[in-house]
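Residue numbers (UniProt numbering): 1 to 181.
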């Protein structure tokens with residue numbers, strides 16, 4: 001998925017481990033009592049670890065796989081973190097192009113497209129997956145739009161916060177940052 005850092009991120013090891021465990025569950029030999037025997041690699045001292053084959057373990061393994069995948073996708077890409085925001089904000093043409101991209105009124109650059117795709121999730125999750133640089137950049141852009149381009153800010157709010165939910169949610173944080181939203 002394009003939002004993940006890359007395939008070598010720490011979460012991928014967890015995904016691989018859980019996937020292997022799920023495969024082991026499926027390939028475990030059933031003994032005459034309907035109990036699966038994990039004789040390969042799952043030993044507690046000299047006794048084999050025996051697990052009932054009622055499907056609970058498969059569900060647990062699947063749950064762990066989902067958790068591992070979620071953890072692996074914890075951060076947005078940092079590929080565009082070094083874009084010069086000051087240049088974009090002070091260029092009427094560049095800013096208009098990004099705003100038009102976000103408002104579905106124009107084409108998007110690759111970084112604009114990425115922003116457009118992650119913006120709803122970032123708003124919903126309080127930018128939980130953002131890097132520190134992305135959080136600082138967000139503050140800079142919001143401050144600029146609120147203070148220098150209020151009509152643009154209102155257009156973006158209308159599209160991405162039509163119910164006012166995020167305005168309410170982030171008002172206190174904005175005030176702490178000295179931004180009057």
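Beta carbons: idealized from backbone N, C-alpha and C, even for Gly.
In this structure, DSSP gives residue 177 a state outside helix and strand, which the three-state scheme calls coil. About 15 Å separates the beta carbons of residue 98 and residue 134, which is beyond the 8 Å limit, so they are not a contact pair.
A distance of 8 Å or more separates the beta carbons of residue 117 and residue 80. Between the stretch 121-129 and the stretch 88-104, the count of Cβ pairs shorter than 8 Å is below three; the stretches do not touch. At the C-beta level, residue 167 and residue 157 come within 8 Å of one another. A straight-line Cα-Cα distance of about 10 Å links residue 58 and residue 64.
In this structure, residue 179 sits near residue 142, with a CB-CB distance shorter than 8 Å. Between residue 161 and the set 132, 108, 119 and 82, the nearest pair of CA atoms involves 119. Straight-line spacing of the CA atoms in residue 145 and residue 66 works out to 38 Å. Apart from the 5 residues on each side of it in sequence, residue 123 sits with its Cβ closer than 8 Å to the Cβ of 160, 161 and 166 in its chain, given in chain order.
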